[in-house]
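Protein chains in written order, with the working numbering: chain B, 1269 to 1650; chain E, 170 to 545; chain R, 6 to 358; chain H, 506 to 807.
For every residue, glycine included, the Cβ atom is placed at its ideal position computed from N, Cα and C.
I have placed the structure first, in the form of structure tokens, so that the comments after it can refer back to it.
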Amino acid sequence: MAGTGKAHLRDASDILLRVEDMVVEFPVDRRSVVHAVSGISFDVAKGETLGLVGESGCGKSTTAKAIIQIPRPTSGTVNFQGTDLNTLDDAELRAMRSQIQMIFQDPIASLNPRRTVRRIVSEGLVVSNTTVSKPGWALLGLAVILAVAAGFTSLWVLLAGLLAGLAGGFIILKGVFRPSIGGCSDERVDEIITAVGLDPVEAAKRRPHEYSGGQCQRVSVARTLVLDPEIVICDEPVSALDVSVQAQILNMLEDMKERYGITLVFISHDLSVVRNVSDRLAVMYLGKMCEIGDSDLIYAQPAHPYTQVLLAALPDPTNPHAGAVDALDSELPSPINPPSGCRFRTRCPRAEAICAEQEPQIAQVGTGDQWVACHFPLADGS
Amino acid sequence: MVVLLLLAVSMLTFVAMNVLGDPLFNILGPIAGDTENPESIAKIEAAEAQYYLDKPLPERYVRWLGDFVTGDMGVRFASDGQPPVSGLIKERLPRSLVLMGMAQVLALAIAIPWGVASAAGSLGGTPSGPRSWRFLAPFFLKATVIAAFAALLFGPTVTVGVVVWFVVLLSAHQVAGTNSVAKRFVDVVKRLAQNFSSALSFGFISMPNFALAVFLYYVFALKLGLFPLRYDASDSFLTRMWQLFLPALTLSLPGAAVYQRLLRTDLITTLQEDFILMARAKGVSKRRVLFRHALRPSMFSVVTVFGINAGALVGGALVVETFFGIPGIGTAVVEAILREDFPVVLAIVMIVAAGFVILNFLVDLLYSVLDPRVRS
Amino acid sequence: MNSPKTTGVLLDVNEYSVGFRTERGLAQVVDKVSFQLERGSTLGIVGESGSGKSVLNRSLMGLISSNRQVEEGSALFDGEELVGRDRQNFWGNRIGMIFQDPMTSLNPVMRIGRQLFEPLRQHLAMNKEQATERAVELLTQVGIPEPKRRLRQYPHELSGGMRQRVMIAIALAGEPELLIADEPTTALDVTVQKYILDLLGELQTDIGMAIILITHDLGVARGRTDDIMEMYGGRVMELSPSEELFSDMSHPYTQALFSAIPRVDQPKHTRLTPISGAPPDPIEPPSGCRFSPRCVYAQDDCTTTLPELRGSDEHQFACFYPVGTDASMQARSTNTTRGHTATGLKIQTAGTS
Amino acid sequence: MSQDVSTEAVLEAVEPEAAQEAGVAKKKLGWGFWLAVGWIVLIVLLAIFAPWLPLKDPNENFIDIQGKGRPPYGPSADHWLGSDQDARDMLSRTIYGARVSLVVGFSAVAFGFIVGGTVGLVSGFVRGIFDKITSFIMLVLLSFPALILAILITSLMERSLWTIALTLGILSVAPVGRLARAASLVFAEREFVLAARTMGAKPSHIMLRELLPNVLIPMSALALLGTAIAIVAEGGLAFLGLSVEKGSTWGKLILTGANSRQLEEAPWIAFVPIAALFLTVMALNFAGDRLRDYFDVRELAL
């Protein structure tokens, strides 16, 4: 594992996003640093769904957030349609934001509780293409200054001034900031709300806490679709949902993909969900890439020992790999000082001496789109 | 960080006193005004020299700081022999510290059992049987205390009424199992008791300490004569402690109510945690779960407010000392401010601010004792 | 160790119901559930959230006690009636329980040793040395390396998997005859999950205690339980030996649940068949069978009469049109021809709902 | 009250969805809340319209040696709440006293909330240097014993209504600022703020549209508690004789009635203003606490 190397990157024309040698580290205290992501490279073609799979602590969510630069990666390039996002300053980055969107794991927490669902969905339009807030700020500031100045004369005037300032500010806040969304976008908002399976009339009245988890996740999807994004990164979108609702959301995601031609990066710890959703698949362990390639190939013949262990442990009722290899009886090493060489070696049933000294490079398995970073890959993928 | 804070506080007070007030006038009184007659001019120069009033402000501040750090808090603004400030502090500070210390201890001693009792209901679990001693003991305790109060305050007729009421309530408890009227009666009383407890805690929070002082003084000192009317510095140690008890109680009740409400809210949140359910599923008794498992993780906001409350406590002590006539640091600072005797004010403000900062530092240490996660 | 009678029924529950009085009326969260648990066997209780599976077990154990709770029916634990009695003396020494989230199920400010000693001292009256020695034994039994050192550590110093093992050790300390595991591995990673489930299996064979494994994941229940009881809307939908539930499922809800799960052996982008609609409201449940509003086979009698459990002794189900019988084929075809079920659920002919 | 908590908690803890489905009604505000609000409205109206009410002149002495002997007179037909030692009517003095106390209370809180609230909100979201500086300033203000600082300012400047209100306002900036910062920190970590940033929202937009509405609600519940504290602080100053020179406030009235001789003979002189102050402060506290529970603001323990 510990896959450095970029042999698996394709140079086809329709590559939308290309991440090279991305490193993300968080300082813990003066001396030590958490190596959350240490040199990840992958690419995503237009219309494709890339699954990012791994257990908790493998850095998949950190990778997702680093792609949209919240926070920015420590090093490495994130090339989106020809521009490296790392080099953009905040303003330029904000202009690109509408093209890369994100859906979160906790459906209810990712929606502002104080606003109606329809307003949340249309928020994207208000935010991305209006610069209305400048005059709003000026008016609010003026109102407060006026109130305080009047106050110097006598206390009653101060009180009246403060109240007037507050009321004025409130009206400004409500009035100026709620520009009437342009004609066309009203239909677009309603169209998308219906597309994700919600009722626009209902949505205009009700707030997030009046919706179930599944419905809230539909709102999140609608909110991103309104901006007509190129790529949507889904960070464990269905993990918090029940099986029956999970199926509804996965079907809806597939429909939205076809209808709006969006590309998905789907992050999950559940291999059966990823199997259903993704065209290509990347398996991560402790901040490194183990295996990447076409999902049919990998699920049929996992090349990396870690992928095999994951598949064997899966409690899916009809799992052909069940019990192929016994469970790992050890703990995940700490990301503050990860093992040398291949990071899986401390738990890998096939580890040899070389695994500790030398980091395995990513190499192709056979002739298909399957790449693995391991000194002793499972040739036959038993 | 702590030093920086103390410097900022002292600078703020120093500037305020000098810029806003008129130090010269405070030292010499009206003489400072008439600059014609030579004799007062001499006095003015002498005072200016002694208090370095002729020097520019920053220099005077540095000079004052130098002295203060070495323990010499300068001399008071007073024409009669300028006794050193530190003498005043030494005499009055211990008295106030005892008063405030007693108040905080009393506040916690009242708040913790009261908070735990008011939160215990949310733990569920079958209430102890009406005949078990765990039910009867607190019941009789409450009954006797209330009856005693009634006897002292309202005389025999009311006391008899109270006793009858408790007998009825006890028999209702015994019968509650079978007859539903008694059960409903018991539930109503229990609900009223809970409402009374939260109303009481609200009452203590809303009662400002000066109003509370007047009220307690009226009830306990004037009417019941339980407490002495005046504080007398010359009395024996024990009587002085007893004299300090009522003011300390006045100071502690609002604090106790705040701590009780915080502890109750935190306890109710903690009691919903999984590890409490786990403890119950282990067979741990209700009392042990409350005190051994739930109390410690719920003490956080009480400890935080304990630190912040110290600042407010000084203000409270000031009011209570003035009302009860206790010559403590509170009365000293009020007199000093009124007379703009600013070395005294500066010294007291510095001591109080230092006390506040050090106490909050100790509170932070207490966090790591309470929660090992903070240590790592 | 109390003498482990190896055979016979340990827990016999019949017509057991739990409801909560709320402003809007009685929320019937568990409705007339009946099942039996042999000594030393494992019962899997499967159901989605809101199905009542957790409330059933926690109220059986008497952990939920509020004056708004309404308990009916009977539950005999080793012959003693549980319902209506104060069950505090059962906790820990006769019934043990472990919970879902290892992060919050151990007291964060108390050393692991002390949390282990509590049941040992209380139920087995052990002194300090005996308790320490027994604690080390228990920790080794659940597969924790360097047990002595662990006793002095705090929960936050251990990983999720380790903490779950400590919780199992604590639950076993009182040597209970029944261990209730409420979603024990939901919060854990797949690899650690497999180890914990294997561990529970081994412990059962060593100690011979009965286990109730509560989970929302059919896969977790398969192969690790002797019988599976499936719950929906507070009622039992199907109760059968675990293998038989998968090979010859009878209740439409089991079939719907099974077809909604994404499977590793299906090719990518296969269309899932979700169960449309949402779980029932316990205060105003749908009349008749509670799954009828979401069931593709629903006929008129499903909406009027509440189907009782039927079928053979081992394999029971609560449905008039069990899957695979020609009655259900007939029901399905009538619904597809008229385009909707008796409860108004639309049936897309192309099968993509 | 605690018994209800356990049922919702049970339902929530045991089956989260069941709790929502069981339609557990949102905690109502209850009759206590409306009673408290009623009292506050009554006091505010009385204070504002005092001159037009059929009240006796608060400073006029109604000496009636023949009829009732030497003042102070007990509560009687023409003096409902009795009179003080100079035979002035206690009822009208208390109502006029309310004018100052309430004005000081509300304006101090208004000042504290505008200044402290804004600074806290911004520093909670922006963090960085601005947050460090403002937090240090607030810490300095907090480590000053509030009452001593108040006495310091009032004794040095001429004590008009305006200076007292401003002083208490400055004092309330620090605690309010810290609470606003805590609230802002809590909400800034929430995922919907991260979602807004991923949609390209400017920091100013996020603060105004995402954080402010969420922080405003809990802060408004605290405003009532803040007013109560400000009124008590003004009372404290008045009790030490440092409040407004002209006109009377509740604190001053309590001071005049509080020496032991007065208490012995005429306890109502002290207890009338004490009752007025106590009821108002309790009403404010109670209403504030109910609002806090209603909006379920657990993160902002006062």
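Residue i - containing beta strand (DSSP E), residue span
| i | result |
| --- | --- |
| R:Glu248 | R:Glu248 -> not in any beta strand (DSSP E); alpha helix (DSSP H) instead, spanning Ser247 to Ser252. |
| R:Glu76 | Gln74 to Phe82 |
| R:Glu43 | Gly30 to Glu43 |
DSSP three-state assignment for residue i, whether helix, strand or coil
| i | result |
| --- | --- |
| B:Ala1313 | strand |
| R:Cys324 | coil |
| R:Phe25 | strand |
| R:Met242 | strand |
| H:Phe649 | coil |
| E:Ser287 | helix |
| B:Thr1345 | strand |
| H:Trp755 | helix |
| H:Trp585 | coil |
| B:Phe1534 | strand |
| H:Gln571 | helix |
| B:Arg1365 | helix |
Contact with chain R by residue i, beta-carbon distance below 7 Å
| i | result |
| --- | --- |
| B:Pro1585 | yes |
| B:Ala1581 | yes |
| E:Val543 | no |
| E:Arg465 | yes |
| B:Pro1588 | yes |
| B:Glu1323 | yes |
| B:Arg1543 | yes |
Span of the alpha helix (DSSP H), counted from its first residue to its last, around residue i
| i | result |
| --- | --- |
| R:Met234 | That residue, R:Met234, is in no alpha helix (DSSP H); its beta strand (DSSP E) goes Asp232 to Tyr237. |
| B:Asn1544 | Leu1539 to Val1545 |
| B:Pro1295 | Taken as a continuous stretch (DSSP letters only), B:Pro1295 belongs to no alpha helix (DSSP H), being part of the beta strand (DSSP E) at Ile1283 to Pro1295. |
| E:Ala382 | Asn378 to Leu385 |
| H:Gly543 | Gly535 to Ile553 |
| B:Gln1516 | Val1511 to Tyr1528 |
| H:Gly731 | Leu717 to Phe744 |
Neighbour list for residue i in chain H, Cβ cutoff strictly below 9 Å
| i | result |
| --- | --- |
| B:Ile1338 | Leu699, Arg702 and Thr703 |
Listed by chain order, chain R residues near residue i by CB distance under 8 Å
| i | result |
| --- | --- |
| E:Asp540 | Pro113 and Val114 |
| B:His1537 | Asp194 and Val195 |
| B:Arg1527 | What B:Arg1527 touches in chain R: nothing, since even the nearest Cβ is about 14 Å away. |
Neighbour flag for residue i against chain E, beta carbons, 7 Å
| i | result |
| --- | --- |
| H:Gly740 | yes |
| H:Asn764 | no |
| R:Phe104 | yes |
| R:Leu311 | no |
| H:Tyr799 | no |
| H:Pro650 | yes |
Chain E contact residues for residue i, given Cβ-Cβ distances below 8 Å
| i | result |
| --- | --- |
| R:Glu77 | Residues of chain E passing the Cβ test: none, with the nearest at roughly 18 Å. |
Listed by chain order, chain H residues near residue i by CB distance under 7 Å
| i | result |
| --- | --- |
| E:Ile374 | Asn790 |
Any chain B beta carbon closer than 7 Å to residue i
| i | result |
| --- | --- |
| R:Phe251 | yes |
Beta-carbon neighbours of residue i, restricted to chain E and to distances below 7 Å
| i | result |
| --- | --- |
| R:Leu68 | Leu446, Arg449 and Ala450 |
### Task
Kindly confirm or deny that the stretch 240-248 of chain R and the stretch 67-80 of chain R touch, where touching means at least three C-beta pairs closer than 8 Å.
no
### Query
Per the contact definition of three or more C-beta pairs closer than 8 Å, is the stretch 1553-1565 of chain B in contact with the stretch 1622-1639 of chain B?
yes
### Query
Any contact of the stretch 732-743 of chain H with the stretch 779-792 of chain H, i.e. 3+ C-beta pairs under 8 Å?
yes
### Query
Three or more C-beta pairs closer than 8 Å, one from the stretch 1535-1545 of chain B and one from the stretch 1604-1615 of chain B: is that the case here?
no
### Query
Is it a yes or a no for the stretch 123-132 of chain R touching the stretch 202-217 of chain R, going by three-plus beta-carbon pairs under 8 Å?
no
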